[in-house]
Structure formats: structure tokens, C-alpha cells
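Asks: Dropping a structure here in C-alpha cells format, bear with me for questions.
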Amino acid sequence: MLKLQDLEVSFPVRAGLFSKRRCIRAVRQVSLSIPRGQIVGLVGESGCGKSTLARAVIGMQKPTSGQVLFEGEDLYALPPAQFKTARQGMQMVFQDPFSALNPRFEVGRTIAEPMQIRGGYSKTEMEERAVELLLKVGLNESDKNRHPSDFSGGQRQRIGIARAIALNPQLLVLDEPVSALDVSVHAQIMNLLMDLHEELGLTYLFISHNLADVKDISHQVGVMYLGSLMERGQTASVFEQPLHPYTRSLLAAVLSLDDQRPPVITKGDIPSPIEVPLGCPFASRCPQTKPRCLQEQPQLLEWQPGHFAACHFPLVN
Ligand SMILES: Nc1ncnc2c1ncn2[C@@H]1O[C@H](COP(=O)(O)OP(=O)(O)OP(=O)(O)O)[C@@H](O)[C@H]1O
Ligand SMILES: [Mg+2]
Numbered sequence: 007m008l009k010l011q012d013l014e015v016s017f018p019v020r021a022g023l024f025s026k027r028r029c030i031r032a033v034r035q036v037s038l039s040i041p042r043g044q045i046v047g048l049v050g051e052s053g054c055g056k057s058t059l060a061r062a063v064i065g066m067q068k069p070t071s072g073q074v075l076f077e078g079e080d081l082y083a084l085p086p087a088q089f090k091t092a093r094q095g096m097q098m099v100f101q102d103p104f105s106a107l108n109p110r111f112e113v114g115r116t117i118a119e120p121m122q123i124r125g126g127y128s129k130t131e132m133e134e135r136a137v138e139l140l141l142k143v144g145l146n147e148s149d150k151n152r153h154p155s156d157f158s159g160g161q162r163q164r165i166g167i168a169r170a171i172a173l174n175p176q177l178l179v180l181d182e183p184v185s186a187l188d189v190s191v192h193a194q195i196m197n198l199l200m201d202l203h204e205e206l207g208l209t210y211l212f213i214s215h216n217l218a219d220v221k222d223i224s225h226q227v228g229v230m231y232l233g234s235l236m237e238r239g240q241t242a243s244v245f246e247q248p249l250h251p252y253t254r255s256l257l258a259a260v261l262s263l264d265d266q267r268p269p270v271i272t273k274g275d276i277p278s279p280i281e282v283p284l285g286c287p288f289a290s291r292c293p294q295t296k297p298r299c300l301q302e303q304p305q306l307l308e309w310q311p312g313h314f315a316a317c318h319f320p321l322v323n
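Positions in the sequence shown are counted from 1; adding 6 to them yields my numbering.
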């Protein structure tokens with residue numbers, strides 16, 4: 007359904023008036039596919055480019071180079087009318103539902119707004135659909151007349167989800183949808199997302215820095231670091247047999263890895279995305295860096311069936 011091909015997004019930065027122009031390469035040459043009906047999780051530390059990638063996927067951020075193929079069509083090469091239609095097939099759910107909801111609108115109106123923008127619906131149709139959506143996400147009919155400030159964080163995220171599915175999208179891009187919620191509400195919203203995925207046959211790109219969430223929900227996982235995709239594969243393979251030392255260090259930090267291999271200890275800080283070093287982006291923090299890692303950026307290669315890693319010396323048995 008969705009294919010990213012060598013996707014690159016960079017932002018120009020200028021440090022001073024006379025300094026030379028430099029770029030933040032927020033997303034670097036990312037290639038990734040999301041098959042219809044699947045949930046692909048994307049993990050990585052803060053600033054590694056997850057949200058930038060999400061915005062490029064749903065048509066909000068034109069890539070510097072590379073392609074976003076949605077249903078086989080190059081999204082950013084489509085004429086405006088078709089671009090608009092394609093964008094309606096993909097919706098985004100944000101981390102902070104409050105900033106995504108208009109505080110002055112009643113919730114029913116917020117949920118119906120995408121239908122109003124698309125046009126062709128009567129007032130009654132929109133009202134009925136808004137109620138149907140409220141019930142689907144676990145809210146009540148009477149909630150349609152209340153304002154976002156009357157709701158708790160979890161309820162607001164339910165409203166954000168109702169709005170996102172209003173036009174029956176095929177793909178939902180969920181950017182840290184549960185990261186701002188406390189533990190019990192967190193679990194409820196995760197369950198709601200899993201139920202809707204099943205019931206509506208949706209496809210998800212699920213972004214989170216929380217590995218446990220990604221493990222629970224995803225069929226496949228991608229791991230990003232400094233804009234690059236370091237590893238991808240089936241969730242079970244990536245979590246049980248991580249190939250990249252970076253993935254292993256992420257997992258070791260949160261899960262107890264009980265195999266025989268020595269733990270990976272990450273040293274140092276993440277380099278600035280403006281000064282991404284030559285060679286492997288992770289080389290400055292990797293415990294097994296060799297001279298080749300500093301000179302040559304590893305390609306994302308298939309080391310095991312369906313399991314890819316961008317590392318010269320992956321942790322293969
Ligand atoms: N509009 C922009 N202009 C300049 N730099 C940007 C812009 N948007 C993002 N960046 C930079 O791109 C990099 C990636 O940011 P992004 O928000 O995609 O990361 P993220 O993985 O979503 O992080 P977080 O987990 O904190 O949400 C960061 O260094 C950020 O400062
Ligand atoms: Mg983000």
C-alpha cells in the first residue's frame with residue numbers, strides 16, 4: 007500500500023550571516039514498505055526523524071528527494087486534485103490531541119469537519135456519522151455537544167482518532183498516539199487502536215519511542231537513528247534477534263535480554279543531525295566500531311530472510 011523509496015528530507019540551517027549553508031538531514035535515504043492491513047512500527051530516540059518521515063508520508067512535507075508511493079502512485083508527482091484525494095486516504099493521529107482539536111468547536115463539529123471539507127454530505131448525514139464515530143471510539147452520543155476542554159487526555163485522543171477515521175482512510179499514521187497518556191489510559195487507547203485496525207481493516211504506521219508498545223502492536227518494525235533506517239524486519243525477529251548494535255542497545259535499555267551475547271553499552275551523545283559523520287551514523291557510540299565503520303556508510307542489507315540491517319558487522323550468529 008505504501009512504499010518509501012530513498013526518502014530524503016533535509017532542512018537548510020544557517021548558523022551565522024557569513025557561514026556557509028548547511029543542512030539538517032532529518033530523514034536520510036529511507037526505504038520502507040507497508041503492506042495493506044499491516045501495522046509497521048517505527049522506533050528511535052527523540053530527534054531521529056520519525057515525525058518528519060510521518061509528515062512526508064501523509065503529504066505534509068515535500069521530500070528533498072526520493073518518493074512516497076501510495077497505492078503505487080508517486081504522491082508528490084500527482085496533479086493537485088489527485089493529490090488531495092490520495093491525502094484523504096491517509097490520516098494522522100498526533101501525540102497531543104489537544105493541539106490538534108479546535109478548542110472552540112463542539113466535538114461533533116470537529117469530527118464532522120473532514121466531511122464538510124470534502125463536501126457532498128448533508129447536515130444530517132454529518133451529524134449521524136459523527137455520532138456513529140463517537141460510539142465507535144468509546145464515547146457517548148451526548149459528547150457531541152461538549153468542547154475539547156471538557157474531556158480528559160484519553161478521551162481527547164479518542165476524539166482525535168474518531169476524526170482521523172471519519173473519511174474511511176486506508177492508512178493511519180499514528181505519531182506517538184499514546185505517549186502523553188498515563189498508564190491505564192495508555193492501555194485503553196492501545197486496545198482501541200488494535201480493535202479499529204481489526205474492525206476497519208486499516209493499515210498503520212505506528213510511531214513511538216516506546217519499544218513495548220511497538221512490540222505489542224506491530225507486525226514489522228523499523229529502527230531509526232539520526233535520520234537513517236538502521237534495521238527492519240518482522241517484529242519477532244527484530245526483538246528476539248536484533249542484528250544492529252543500536253537496536254540491541256535500545257532493547258537492552260528496556261527489556262532484559264537473556265541470551266549469551268555480551269550487552270551493548272552505548273557511550274557518548276547522539277551527534278548533531280547537522281554534522282552527521284561520514285561512515286555509519288552510529289559509529290561514534292557503538293561499542294564495536296572498526297575502521298571501516300568510520301569510512302563507509304553501511305547499506306541496509308538483508309542478512310536473514312526479511313530481516314535487514316545497516317551494519318558492516320551485524321550480530322548474526
Ligand atoms: N521544520 C524544520 N526545520 C528545521 N529542522 C527541523 C524541522 N523539523 C524537524 N527538524 C529537525 O529534524 C530532526 C528530526 O526531527 P523530528 O521531529 O522528525 O524527530 P522525531 O524523531 O519525531 O523526534 P521526537 O521523538 O522528539 O518527536 C531534528 O533534528 C529536528 O530538529
Ligand atoms: Mg516526533
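For each residue, glycine too, the CB sits at the ideal point set by N, CA and C.
Hey, valine 227 and alanine 60: beta-carbon distance below 9 Å or not?
Replies: Translated into positions along the sequence shown, residue 227 becomes position 221. Translated into positions along the sequence shown, residue 60 becomes position 54. Not in contact: valine 227 and alanine 60 (Cβ atoms no closer than 9 Å).
Asks: What residue range does the alpha helix (DSSP H) around lysine 90 cover?
Replies: Taking the sequence shown and counting its residues from 1, one reaches residue 90 at position 84. Counting along the chain, the alpha helix (DSSP H) containing lysine 90 begins and ends at 86-94.
Asks: Nearest-angstrom Cα distance between tyrosine 82 and glutamine 11?
Replies: Here residue 82 refers to the residue found at position 76 of the sequence shown. Here residue 11 refers to the residue found at position 5 of the sequence shown. Using only the alpha carbons, I get a separation of about 12 Å.
Asks: Kindly indicate which three-state DSSP category lysine 150 falls into: helix, strand or coil?
Replies: Translated into positions along the sequence shown, residue 150 becomes position 144. Lysine 150: helix per DSSP, three-state reduction.
Asks: Is it true that the stretch 196-215 meets the stretch 35-50, where meeting means three or more beta-carbon pairs spaced less than 8 Å apart?
Replies: Short answer: they touch.
Asks: Which class does proline 18 belong to by DSSP, given the choice of helix, strand or coil?
Replies: The residue given as residue 18 occupies position 12 in the sequence shown. Three-state DSSP puts proline 18 in a strand.
Asks: Where do the ends of the alpha helix (DSSP H) carrying alanine 136 lie?
Replies: On the sequence shown, residue 136 is found 130 positions in, with the first residue counted as 1. 129-142 is the span of the alpha helix (DSSP H), which, as asked, contains alanine 136.
Asks: How would you write the range of the alpha helix (DSSP H) that phenylalanine 314 sits in, first residue to last?
Replies: Locating residue 314 in the sequence shown gives position 308, where the first residue counts as 1. Per DSSP, phenylalanine 314 belongs to no alpha helix (DSSP H); it is in the beta strand (DSSP E), 313-315.
Asks: Can you tell me which of the three DSSP states leucine 284 falls into?
Replies: Locating residue 284 in the sequence shown gives position 278, counting from the first residue. Looking at leucine 284 - three-state DSSP - the assignment turns out to be coil, as it is neither helix nor strand.
Asks: Spell out whether any CB of chain C is found under 9 Å from the CB atom of tyrosine 210.
Replies: Reference to chain C is not applicable here, since this structure consists of a single protein chain.
Asks: Looking only at its own chain, which residues have a Cβ that is under 8 Å from the Cβ of serine 158, when we skip the five neighbours before and after it?
Replies: Reading the sequence shown from its first residue, position 152 is the one you call residue 158. Closer than 8 Å at Cβ, skipping near neighbours: Val191.
Asks: Quick one: what does DSSP say leucine 145 is sitting in, helix, strand or coil?
Replies: In the sequence shown, residue 145 corresponds to position 139, counting from 1. Coil, per DSSP.
Asks: Classify threonine 295 as helix, strand or coil using the three-state DSSP reduction.
Replies: Stepping through the sequence shown from its first residue, residue 295 is reached at position 289. In this structure, threonine 295 counts as coil in the three-state DSSP scheme.
Asks: Check whether the stretch 216-223 and the stretch 147-165 touch, using three or more Cβ-Cβ pairs below 8 Å as the test.
Replies: Segments in contact, no.
Asks: Work out the CA separation of arginine 169 and tyrosine 252 for me, nearest whole Å.
Replies: Within the sequence shown, the letter at position 246 stands for residue 252. Within the sequence shown, the letter at position 163 stands for residue 169. Going from the Cα of tyrosine 252 to the Cα of arginine 169 covers about 36 Å.
Asks: Have a look at isoleucine 223 and leucine 187 and give me their C-alpha separation to the nearest angstrom.
Replies: Here residue 223 refers to the residue found at position 217 when the sequence shown is read from its first residue. Here residue 187 refers to the residue found at position 181 when the sequence shown is read from its first residue. Near 17 Å, if we compare the C-alpha coordinates of leucine 187 and isoleucine 223.
Asks: Give me, in chain order, the residues of the same chain whose beta-carbon lies closer than 6 Å to that of leucine 38; leave out the 5 immediate sequence neighbours on both sides.
Replies: If you number the sequence shown from 1, residue 38 lands on position 32. Within the same chain, leucine 38 has close Cβ partners Leu10 and Gly228.
Asks: Rounded to the nearest angstrom, what separates aspartate 181 and proline 279 at their Cα positions?
Replies: Taking the sequence shown and counting its residues from 1, one reaches residue 181 at position 175. Taking the sequence shown and counting its residues from 1, one reaches residue 279 at position 273. Going by the C-alpha atoms only, they are around 20 Å apart.
Asks: Would the C-beta of aspartate 219 count as close to ligand 2, meaning under 8 Å from any of its heavy atoms?
Replies: The residue you call residue 219 lines up with position 213 of the sequence shown. No - ligand 2 has no heavy atom lying nearer than 8 Å to the Cβ of aspartate 219.
Asks: So proline 297 and histidine 250 are supposed to be a Cβ contact under 8 Å. How far apart are they, rounded?
Replies: Indexing the sequence shown from 1 puts residue 297 at position 291. Indexing the sequence shown from 1 puts residue 250 at position 244. Rounded, the Cβ-Cβ distance is 19 Å, inconsistent with contact.
Asks: Give me the residue from Leu8, Pro18 and Gln35 with the minimum Cα distance to tyrosine 231.
Replies: The sequence position of residue 231 within the sequence shown is 225, counting from 1. Answer by Cα proximity: Gln35.
Asks: Output yes or no for whether 9 Å exceeds the beta carbon distance between glutamine 163 and isoleucine 195.
Replies: The residue given as residue 163 occupies position 157 in the sequence shown. The residue given as residue 195 occupies position 189 in the sequence shown. Yes, the pair counts as a contact, with Cβ atoms nearer than the cut-off.
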